[in-house]
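S.K.: Below are the structure tokens for one structure; questions will follow.
Residue numbers (our numbering): 1 to 623.
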């Protein structure tokens, strides 16, 4: 058990001094140098953190009255200061003793701006680097102030913080003196309340630069709050803390109405300002810890249908993420992403999608492709097996309130797109956004690398702030020549998108879509999905680099698993509907086999990357 003799007072005073509490240290608690109040004359000590009380056995401290350290002095007192008797009595009424008056060098002088022979006022002397640089005069009860003209502006008590790493700041000279009375020496006061501070900071810059923490003990009125905010702005929130007074609006009130111990207690129990958006992960109750653990796991979004099973085994997305989709132009990125989006809508009824797709020729073209993918049949009524009007109406109903398009007859910036997306979140509850493609956005003219980096940061922020899915289609560079011919046939990665690393660094997920070629260097209907990046294990981070092969269905623009056949069931049908499939169990589909499969569905594949219907009409590949 700690004893009084264990207390080390570094700056002893005749009144109350501050010290570290040996009992707190012994108990393993956080030790603050100002927590313990010590009166060496009376032989009394009290800690305001652990409530430990100790007495000096060599002193005559009254243990029964230790919580009442302020004792009315004898009436036959002597004035040991330079102040007049009335002034000393006035200070005593404010809880300030004569020793503190002398320590703080308070004098009784005629204001310099008055004529000689005028009455004397209480004088607060401002010192800087050991020299008196200013005087501020005040009356007692009338509370009138004047100060020397053209004097140097500094904090009151600025020399007192030398050698300290912490500094208390109050809003008046009387508050500074009250803090001294409580043993808190490392305290300064602004000279003019919450007024202009520019000159003061400039003159005291060297002293303030050595302080690690500023504890703001300002008035709890509107002016004090304004001063607090000003000081926080200047020092930085992370270097500031705040004292909360319980017995008045300032330090002197706390001393008068609560006593020395209450003032010490308030100053010790300061509250540090949290750094904005920084959280203590250990600052949770037991109940909160258990509740967090019992939260359901992060919900991943996976498209519905057996044809997506292998993809879902290696990749999925989570709300609040940005996913980049890349691939050489005309490889099927847009088509696959459409199919993926519609299948996600079918998987989760809460999904509401929105597309900004300037690469589509018209809104009608965009809708026609979606109709085909939803119904599972061609849209063109001249084609064999085309969708009926009834089926198209069903497809439209499937998209109603679930699929929106943002169309504008000019190039727009990313900021304009995000602004529109934000409005959709508020108005429609949209939560699944696609930009196809990034190269179609209007650029502001900044450095391309910096601009793309800023754009990705904006999209990520939007996704996280709103808790939505964001997909960005971005074409790689330098893999296709000016004539559209491929120079590099490999599957691109995220580093290929802009020739630098931001598309990899600043995205959560990324994948590539790439067409396969046959021995004659002709495109086949086989497409590879390759996972390029997955941020978390829930996304499939352990599967980066893996690829999934799909086959493209010419009849409905859908992608299917080569092992499971084509899925021709309309997406608006109930989920438990049986899938109609064509057996395509071969892992590597030969061109002749493709021709056979296509003829089964009324189509024939040509060598010139086109296809022909049974009625003899030819059509280009939809990639």
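For glycine and all other residues, C-beta sits at the position ideal for the given N, C-alpha and C.
Using three-state DSSP, classify residue 436 as helix, strand or coil.
M.R.: Here residue 436 sits in strand by DSSP.
S.K.: Could you round the C-beta distance between residue 343 and residue 303 to whole angstroms and report it? I think they count as a contact, below 8 Å.
M.R.: Right, the Cβ-Cβ distance comes to about 3 Å (below 8 Å), so this counts as a contact.
S.K.: Quick test of the definition: if touching needs 3 or more C-beta pairs under 8 Å, does the segment 289–302 touch the segment 217–236?
M.R.: They do not touch, by the three-pair rule.
S.K.: Got a sec, what are the start and stop residues for the alpha helix (DSSP H) residue 313 sits in?
M.R.: Its alpha helix (DSSP H) spans residues 309–314.
S.K.: Which term fits residue 426, buried or exposed, when burial requires 16 or more other beta carbons within 10 angstroms of its beta carbon?
M.R.: The residue in question, residue 426, is exposed, as its Cβ has fewer than 16 Cβ neighbours within 10 Å.
S.K.: Roughly how many whole angstroms lie between the Cα atoms of residue 124 and residue 16?
M.R.: Approximately 21 Å, taken between the alpha carbons.
S.K.: Would you kindly work out how many angstroms separate the C-alpha atoms of residue 268 and residue 121, rounded to a whole number?
M.R.: Straight-line Cα distance between these residues: approximately 33 Å.
S.K.: Verify whether the separation of the beta carbon atoms of residue 21 and residue 31 is less than 8 Å.
M.R.: Contact: yes.
S.K.: If you count every other CB in all the chains shown that lies within 10 Å of the CB of residue 238, and 16 or more means buried, which is it?
M.R.: Exposed, because fewer than 16 other Cβ atoms sit within 10 Å of the Cβ of residue 238.
S.K.: Starting from the C-beta of residue 306, find all residues in its chain whose C-beta is less than 8 Å away, skip the five residues before and the five after it, and write them out in chain order.
M.R.: Counting only Cβ-Cβ distances below 8 Å, and skipping sequence neighbours, we find 561, 564, 567, 579.
S.K.: For residue 108, which of 138, 132, 96 has the nearest alpha-carbon?
M.R.: Ranking 138, 132, 96 by Cα distance to residue 108 puts 138 first.
S.K.: Cutting at 7 Å between CB atoms, please list the residues of its own chain near residue 104, excluding the five before and the five after it.
M.R.: Same-chain partners within the cutoff: 177, 180.
S.K.: With H, G and I counted as helix, E and B as strand and the rest as coil, what does DSSP make of residue 407?
M.R.: It is coil, neither helix nor strand.
S.K.: Start and end of the beta strand (DSSP E) containing residue 216?
M.R.: Looking at the DSSP string, the run of the beta strand (DSSP E) that includes residue 216 is 213–216.
S.K.: Is it right to say residue 39 is buried, meaning 16 or more other beta carbons lie within 10 angstroms of its own, or is it exposed?
M.R.: With 16 or more other Cβ atoms within 10 Å, it is buried.
S.K.: Starting from residue 469 and walking both ways along the alpha helix (DSSP H), at which residues does that stretch end?
M.R.: Taken as a continuous stretch (DSSP letters only), residue 469 belongs to no alpha helix (DSSP H), being part of the beta strand (DSSP E) at 469–473.
S.K.: Enumerated in chain order, which unbroken segments of the alpha helix (DSSP H) with a length of 4 residues or greater are wholly contained in the segment 340–384?
M.R.: 363–375, all fully within the segment 340–384.
S.K.: Specify the secondary structure class of residue 507 as computed by DSSP and reduced to three states.
M.R.: In the structure shown, residue 507 sits in coil (DSSP, three-state: anything other than H, G, I, E or B).
S.K.: Taking buried to mean at least 16 other C-beta atoms within 10 Å of its own C-beta, is residue 216 buried or exposed?
M.R.: Looking at its Cβ environment, which holds 16 or more other Cβ atoms inside 10 Å, residue 216 is buried.
S.K.: Would you say residue 570 and residue 394 are within 8 Å of each other, going by their C-beta atoms?
M.R.: Cβ atoms of residue 570 and residue 394: closer than 8 Å.
S.K.: Using 8 Å for Cβ pairs, my map puts residue 324 next to residue 531. What's the rounded Cβ distance?
M.R.: 12 Å between Cβ atoms; not a contact.
S.K.: For residue 583, count neighbouring Cβ atoms within 10 angstroms of its own Cβ and tell me buried if that reaches 16, exposed if not.
M.R.: For residue 583, the pLDDT reaches just 38, beneath the cut-off of 50, and the residue's location in the model is therefore unreliable, although a value from the coordinates is still provided. So residue 583 counts as exposed.
S.K.: Three Cβ pairs or more, each shorter than 8 Å: is that satisfied between the segment 155–163 and the segment 80–99?
M.R.: No: fewer than three Cβ pairs fall under 8 Å.
S.K.: Leaving aside the five residues before and after residue 437 along the sequence, list all residues of the same chain whose C-beta is less than 7 Å from its C-beta, in chain order.
M.R.: Excluding residues within five positions, the ones whose Cβ falls inside 7 Å are 359, 473, 474, 475.
S.K.: What are the boundary residues of the beta strand (DSSP E) that residue 550 is part of?
M.R.: Counting along the chain, the beta strand (DSSP E) containing residue 550 begins and ends at 547–553.
S.K.: How big is the Cα-Cα spacing for residue 27 and residue 44?
M.R.: Spanning the two alpha carbons is a distance of roughly 20 Å.
S.K.: Under 8 Å, do residue 189 and residue 157 count as touching if we go by C-beta distance?
M.R.: Going by C-beta atoms, residue 189 is nearer than 8 Å to residue 157.
S.K.: Report buried or exposed for residue 596, applying the criterion of at least 16 other Cβ atoms within 10 angstroms of its Cβ.
M.R.: Its pLDDT being 34, under 50, residue 596 is placed unreliably by the model, and the measurement read from it follows with that caveat. Answer is exposed; the Cβ neighbour count stays below 16.
S.K.: In angstroms with no decimal places, state the Cα-to-Cα distance between residue 7 and residue 321.
M.R.: Distance between the alpha carbons of residue 7 and residue 321 is about 57 Å.
S.K.: Whole angstroms are fine: how far does the CA of residue 412 sit from the CA of residue 273?
M.R.: If I take the Cα positions, the gap works out to 42 Å.
S.K.: In terms of alpha-carbon separation, which member of 362, 253, 546, 313 lies closest to residue 93?
M.R.: Checking every option, the nearest Cα to that of residue 93 belongs to 253.
S.K.: Just the Cα atoms here: how many angstroms apart are residue 29 and residue 53?
M.R.: If I take the Cα positions, the gap works out to 16 Å.
S.K.: Residues bridged to residue 18 by DSSP?
M.R.: DSSP, once it has assigned bridges, lists 37 as partnering residue 18.
S.K.: Please classify residue 308 as buried or exposed, where buried requires at least 16 neighbouring CB atoms within 10 angstroms.
M.R.: Classification of residue 308: buried, given that the 10 Å Cβ count is 16 or more.
S.K.: On the DSSP bridge assignment, give the partners of residue 241 in chain order.
M.R.: Answer by DSSP bridge pairing, in chain order: 215, 272.
S.K.: With a CB to CB cut of under 7 Å and the five nearest residues on each side skipped, what residues in its chain are close to residue 348?
M.R.: Hits under 7 Å: 301.
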